[in-house]
Every structure is written in C-alpha cells, then in structure tokens.
Ligand code: UDX
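Numbering (the working numbering), first residue to last: 46 to 489.
Quick look at the structure:
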C-alpha cells in the first residue's frame, strides 16, 4: 500500500517513518524545500528519540521518500494523511488554513479513489470542510473521482512518539464508509498485535476524542497542582496525597504529578481550542476554563516561592536554571514554564544562568542574550544564590550536593528528597510538599 503524508512536522514525520517501518511505501511531502532536502540527507527538523534511526533506515531501503511535489507523488496512493500545522489563532481557535489548502491541492491532483485522513488536531467539523474543499476542486476539474474523508487523531507524546506510534494504547479512526474503514484497517493491522485495539467511530466523535483526551489529561494536572498549593498552606505533603489517592484504581497513579504547570504544543493549545468550540456552540466549558487559569498561575509558582524567600527583593540575586524544555526528552520550548519563570526573574532584576542538555539552541531563539548560557549543570550554578529545577532531565536527578553548599534549591518537579537536603544543611522548596516550618508548626 502506498501512503502520502503531507506535512513533515512532528506528527507527519513520525507517522510517515513508523508506517514505512512496518512495510508501507510512504512519501512525505512538504512545501518547505530545505526541509525536504535535509530529510533526504538524514537531517531531521526535530529531536525525537529513535526517529532519526528509522527515517534513515527506511529511506535507505526505499520505503520512505520525500518530495515537495504532491501532484507528482499522489498517483497510486491509497491514503493521504494531512499532518500540517494548526496553529492557534489569537482567539484560541485552531487555524485551519493550511489543512484546507492541502485538501484543495489533493482535490486538484488525485487520480484515483483516495482516503483523505486528517491527522492534525482539528476541531469537530473540520472533516466536513476538508470534504467541501476536495469536492469543489474535483468539480473544477470536471471529474467524478471517488474519495472518502476520515479522521485519525494521534496521541503521541514528545520524547516517546516512536514507541507510542509503534505500540499504541489504541488507534482511533473516524470513518463514514465501509470502503475507507477497510483501507485503514489494513494499514494499521501491523500495529494491532497483542490485543491493541483500533476503535472505529463516526468522524465527529473521532475529532472530539482527541480534544477530550488532552483536556482530561490537562485537567488531572491542574487538579493536582491546585491540591498541591493547598497542601503547602495546610502542611500536607502532596506526594503522599498523590500516592494515597492514586491507589484507588478509579483515579490511578499516572499523570497526577504536581509541577510548574503543563506546557508543550498540545495541552495549552487544545484546551483553549475546546473552550473556544464550546463558546461557538453557546456552551461554556467551566472546568476547562479553570484548568487553563490554574495552569497559567502554576507557571509562576516557583517565582512566588522565590519572592517569598527573598522577601520580594531579587535585585542582584543570581539564579541557576536547570532545564528549559517543556519536559524531558525534547528540545521543544513551546509554552515552556521555564520562559515564564525566567522572564519574571529578569523583570525583578535577577541574574539568570541556564543549562539544558538538549534545548539550548531552541531556547536561544526566544531568550537571546538576556541570560547567561552555561556549558553544564554545575557551570549554571557557579556563584549563584539559588537554583531552580525546571525540567526533570535524568542528568539533574542526583546532583553532587557537596558542590551546592549555600545554594537554595527550588525544585519545580519534586525530584529531590527535601528532608535529606535539610539534613545536609541545604534550604530547599518543593511543590506542595509544605515548607519545613509549616510541618513543624502543624506537628506541635
Ligand atoms: C501530550 C499528550 O500526552 C499526548 O497524548 C498528545 O498527543 C499530545 O500532548 P506531550 O505534550 O508530548 O503529549 O507531553 P506530556 O508528556 O503529556 O506532558 C505535557 C505536560 O504536562 C508537560 O509540561 C509535563 O511536564 C506536564 N505534566 C505531565 C505534569 O505536570 N504532570 C504530570 O503528571 C504529567
């Protein structure tokens, strides 16, 4: 089976490479010539563990190829995935111009029955618009070619995207015909070993599933962050509370780790877009509005603790920042909490030294020369008053504390053992772990 994937961003490239990995013939298409030339030479536009290897291997064995010319590669294809960007517009809604442009081009160039699948995260109703674009383009050509539109949202996590694609929890596909269902069932068969399910549904439900999944996950995070902040005040330890509630199978232990708020390309964008969709239909998604508000505040939680510690005066105080990307395993800086914290520190007159094992180049695009760029984690804390652990890269998990004497620790991910640090004479703050003084106060 031959498949075209349009858009060689994060989703498109992972989809194309992983489909080729199981034997499908894949052509990845992009309008960006430099990107395509680079991919042909094995240079990837993003960092994702394991991706370079399968791109290179499948390009070498001829199953994966790259092109800027959709019309030239579309003949003979059974499926075309639309995986171009849907950046948030100013009002939070997803901007569909690229998706619809691609749909039009497909209509202008297809030569045979084709299943056109939206893979980008798109609001409910997009498939209808995609369908309209294709139909109009075909009418223009005066042809009666048959096609189907389908929706196949991705649930990839950055840093684990290849594994998520090859061994998915589930595959969700929205279809409106038996013919397209059959084609997509065949395409995904190699991924369904060991009882992994493919769930077919109508197109609107598939589109909604993607948003509902991300909104639910974002809700879990904002919920535990809200509880963590209350734990700080009442003298409870959210780590214990998390374990206590997580052992109830209905709640579960995963995705309830407090921190400095969720970032990345998906949660912030999708929560906003779903709220916007609700508004369009006259329905206020009150929980999601709160999820977003809690998350915006949470990105400043370390800053609030820092201000409290330094009694509101940061002029001339020097900070080391460990980690910049929105989470470990990626160089993605989109909506990263590090940026919010660093900007607040700089605005308050502090000096900021930073280190991240992977995201330095990416972060430089936003931070420029406002911070001191360091060579490693210890260089980042040379001469500092305090360090903020922002991204929980493995590199930061077990620091040599003997090199950290006199440095106050603000742990934004609860990876350090605070009582141990206290014994070592290091002042340290976590998220929702209660200040030592509060614990003493409560136990008296
Ligand atoms: C997410 C979804 O997990 C994925 O299914 C979807 O396709 C895209 O969005 P991703 O953005 O790559 O994936 O990252 P994820 O690992 O889910 O983390 C998102 C953010 O939540 C990160 O900033 C992370 O630090 C934060 N997070 C996650 C928490 O603060 N606590 C948790 O318990 C889990």
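For each residue, glycine too, the CB sits at the ideal point set by N, CA and C.
Secondary-structure assignment with DSSP links residue 139 through a beta bridge to 133. Scanning its chain for C-beta atoms nearer than 7 Å, with the 5 sequence neighbours on each side dropped, one finds around residue 291 the residues 297, 298 and 301, in chain order. If you ignore the 5 residues before and after residue 284, its C-beta comes within less than 7 Å of the C-beta of 459 and 478, all in its own chain and listed in chain order.
Within the chosen limit of 7 Å, the ligand UDX does not reach the beta carbon of residue 87 with any heavy atom.
Residue 69 counts as buried, since at least 16 other C-beta atoms from the protein chains shown sit within 10 angstroms of its C-beta. Inter-residue distance for residue 207 and residue 374 is about 12 Å (C-alpha atoms, whole angstroms).
Here residue 103 has 62, 65, 66 and 109 as same chain residues with Cβ atoms under 7 Å from its own Cβ, once five neighbours each way along the sequence are excluded. Counted as a single uninterrupted DSSP element, the alpha helix (DSSP H) harbouring residue 465 occupies residues 463-468. Residue pairing by DSSP places residue 456 opposite 434 in a beta bridge. Here DSSP, grouped into helix, strand and coil, assigns residue 125 to strand. Distances from the CB of residue 301 to the heavy atoms of the ligand UDX include at least one below 7 Å. A residue is called buried when at least 16 other Cβ atoms come within 10 angstroms of its Cβ; residue 434 meets this threshold and is buried. Nearest Cα to residue 260 within the set 320, 141 and 232: 320.
Of all C-beta pairs linking the segment 413-422 to the segment 347-355, fewer than three are shorter than 8 Å, placing the two stretches out of contact. Only residues of its own chain outside the window of five on either side were considered, and among them 272 and 276 have a CB closer than 7 Å to the CB of residue 286, listed in chain order. Below 8 Å, too few C-beta pairs join the segment 207-222 and the segment 362-379 to call them touching: fewer than three.
Between the alpha carbons of residue 99 and residue 107 lies a distance of about 12 Å. Under the three-state reduction of DSSP, residue 478 is assigned to coil, being neither helix nor strand. A distance below 6 Å between beta-carbons, with the five flanking residues on each side excluded, links residue 233 to the following residues of its chain, in chain order: 216 and 243. Residue pairing by DSSP places residue 215 opposite no residue, since no beta bridge is assigned to it. With respect to residue 144, residue 151 sits apart: the two C-beta atoms are not nearer than 8 Å. Contact annotation: residue 76 and residue 49 have beta-carbon atoms that are not nearer than 8 Å. Here residue 312 really is in contact with residue 262; their C-beta atoms are around 7 Å apart, less than 8 Å.
Per DSSP, reduced to three states, the secondary structure at residue 151 is helical. In this structure, residue 259 has its CB closer than 7 Å to one or more heavy atoms of the ligand UDX. Excluding the 5 residues flanking it on each side, residue 118 has same chain C-beta neighbours closer than 7 Å at 49, 72, 74 and 112, in chain order.
Rounded to whole angstroms, the separation of the alpha carbons of residue 462 and residue 279 is 20 Å. DSSP places residue 365 inside the beta strand (DSSP E), whose first and last residues are 363-367.
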